[in-house]
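Quick note: the sequence shown uses this note's numbering, first residue 48, plus one each step. Notes follow the structure.
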Amino acid sequence: MQPSVSLSGPWYRIQSIAAPSRSSSAEWDFVTVLPAVLSAAQRDRPFVIGWLSRGSGAPLELITNAGPLSPPRQPRRATDVPESPSGPQPLLFPGGARGIQLDEEYLADLADLVWTPCPGRQAPPLGGRGREFAGFDPDELKRPTLFESTLVTLMSRPFAWLVVAEPTDLLDAEVAHLRTQLNVLRQYGDASERSRFDAERAERRMQELDAFREAGLWNVRVLAGGATAEELRQIAPVLVGSVEMSHHPYRLRSAHGAVYALPEALAITMQDPADGAAAPFAATAGALAA
Numbered sequence: 048m049q050p051s052v053s054l055s056g057p058w059y060r061i062q063s064i065a066a067p068s069r070s071s072s073a074e075w076d077f078v079t080v081l082p083a084v085l086s087a088a089q090r091d092r093p094f095v096i097g098w099l100s101r102g103s104g105a106p107l108e109l110i111t112n113a114g115p116l117s118p119p120r121q122p123r124r125a126t127d128v129p130e131s132p133s134g135p136q137p138l139l140f141p142g143g144a145r146g147i148q149l150d151e152e153y154l155a156d157l158a159d160l161v162w163t164p165c166p167g168r169q170a171p172p173l174g175g176r177g178r179e180f181a182g183f184d185p186d187e188l189k190r191p192t193l194f195e196s197t198l199v200t201l202m203s204r205p206f207a208w209l210v211v212a213e214p215t216d217l218l219d220a221e222v223a224h225l226r227t228q229l230n231v232l233r234q235y236g237d238a239s240e241r242s243r244f245d246a247e248r249a250e251r252r253m254q255e256l257d258a259f260r261e262a263g264l265w266n267v268r269v270l271a272g273g274a275t276a277e278e279l280r281q282i283a284p285v286l287v288g289s290v291e292m293s294h295h296p297y298r299l300r301s302a303h304g305a306v307y308a309l310p311e312a313l314a315i316t317m318q319d320p321a322d323g324a325a326a327p328f329a330a331t332a333g334a335l336a337a
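Here you go:
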């Protein structure tokens, strides 16, 4: 088990979000999350976004640490001391969002839950490039996503969903590994279906890393939380199954077995040898906005 990811604040509860101007795509998700992840990487801290339900019909809370930029330095001869913001502040993510700062005790509400990791793996996108523009329905932007509808369905009970991503410097190393793998497959690979599959997967991954290299690679942990272990075993598969990642080359699944306290869930590492699903898993930044 590696050291637990730090979830130090400041934290913000999102109060409002600008209406989406276009349907989701891998490229658009990357553009919208890029300012927040670049800021997190520059500060050497994780990027976190998540939902919290306190149950009993209480409003769902969208929380993040992607707060506003640091206030500008005051001129040397300035006589007025700037006041700390008291109302909603503009946030780096989601785009056009405003939120209010929370105190550190807010993490105690998350610590009251039990948690399970939701491992991720690489997989081909389910739709081709440009699919989102074919037969586009403007009313689609007004309808809730499947994940949003699922959150509302479950809000009678306490639960949480956290996406925690740490910046890495592993992108160039993975590109070098993929180039070596492709060279070997092209020179020595046979004509089997497996060799063609491995070559296509390596080429697809290289294209993804090249397209989104500005934000680098991120070690991503997706965590589901519930009031009890039994409730979590019911909730986690429902949440995972409603996440819409069809235009991203990743898939999530719920883990089976033990549940953990939050610090342990943020430190646990696992990998399924059957399908390669892992926690954490390496992903480009656009997947964080899915």
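Where a beta carbon is used, it is the ideal one built from N, C-alpha and C, also for glycine.
{"query": "Rounded Cβ spacing between residue 274 and residue 205 (contact assumed at less than 8 Å)", "result": "4 Å"}
{"query": "Residues of its chain near residue 232, where Cβ-Cβ distance is below 8 Å and the 5 sequence neighbours each way are ignored", "result": "242, 245, 246, 249"}
{"query": "CB contact flag (residue 140, residue 80, <7 Å)", "result": "yes"}
{"query": "Spatial distance of residue 151 from residue 278 (CA atoms)", "result": "26 Å"}
{"query": "Rounded separation between residue 212 and residue 199 - CA only", "result": "25 Å"}
{"query": "Contacting residues, own chain, Cβ-Cβ under 7 Å from residue 259 (five flanking each side not counted)", "result": "77, 331, 332, 333"}
{"query": "When 71, 101, 208 are compared against residue 312, the one with the closest alpha-carbon", "result": "208"}
{"query": "Cβ-Cβ distance between residue 104 and residue 328 below 7 Å", "result": "no"}
{"query": "Rounded Cβ spacing between residue 262 and residue 306 (contact assumed at less than 8 Å)", "result": "The Cβ separation is near 32 Å, so there is no contact."}
{"query": "Simplified DSSP state of residue 152, which is helix, strand or coil", "result": "coil"}
{"query": "CB of residue 294 within 7 Å of CB of residue 70, strictly", "result": "no"}
{"query": "Distance between residue 154 and residue 303 (C-alpha atoms, nearest Å)", "result": "25 Å"}
{"query": "Pick from 281, 58, 337 that is closest to residue 111, judged by C-alpha positions", "result": "58"}
{"query": "First through last residue of the alpha helix (DSSP H) which encompasses residue 235", "result": "218-235"}
{"query": "Assigned secondary structure, residue 326 (DSSP; H/G/I helix, E/B strand, else coil)", "result": "strand"}
{"query": "Rounded straight-line distance, which links the Cα of residue 269 to that of residue 284", "result": "13 Å"}
{"query": "Neighbourhood of residue 336 by C-beta, 7 Å cutoff - its chain only, sequence neighbours within 5 removed", "result": "76, 79, 80"}
{"query": "Opening and closing residue of the alpha helix (DSSP H) in which residue 104 lies", "result": "Unbroken run through residue 104: none, as it is neither H nor E."}
{"query": "For residue 291, the three-state DSSP class (helix, strand or coil)", "result": "coil"}
{"query": "Burial state of residue 230 (16 or more Cβ within 10 Å)", "result": "exposed"}
{"query": "Burial state of residue 301 (16 or more Cβ within 10 Å)", "result": "buried"}
{"query": "Residue 206 - partner residues in DSSP beta bridges", "result": "100, 273"}
{"query": "First through last residue of the alpha helix (DSSP H) which encompasses residue 86", "result": "73-89"}
{"query": "Alpha-carbon spacing of residue 165 relative to residue 290, whole angstroms", "result": "11 Å"}
{"query": "Cutoff 8 Å; reference residue 86; Cβ partners in own chain excluding five residues on either side", "result": "113, 116, 139"}
{"query": "Counted within 10 angstroms of its Cβ, other Cβ atoms place residue 240 as buried (16 or more) or exposed", "result": "exposed"}
{"query": "Distance, residue 264 Cα to residue 225 Cα", "result": "14 Å"}
{"query": "Distance CB(residue 96)-CB(residue 210) smaller than 7 Å", "result": "yes"}
{"query": "Three-way DSSP call (helix, strand, coil) for residue 64 in this model", "result": "coil"}
{"query": "Cα-Cα separation, residue 194 to residue 227", "result": "39 Å"}
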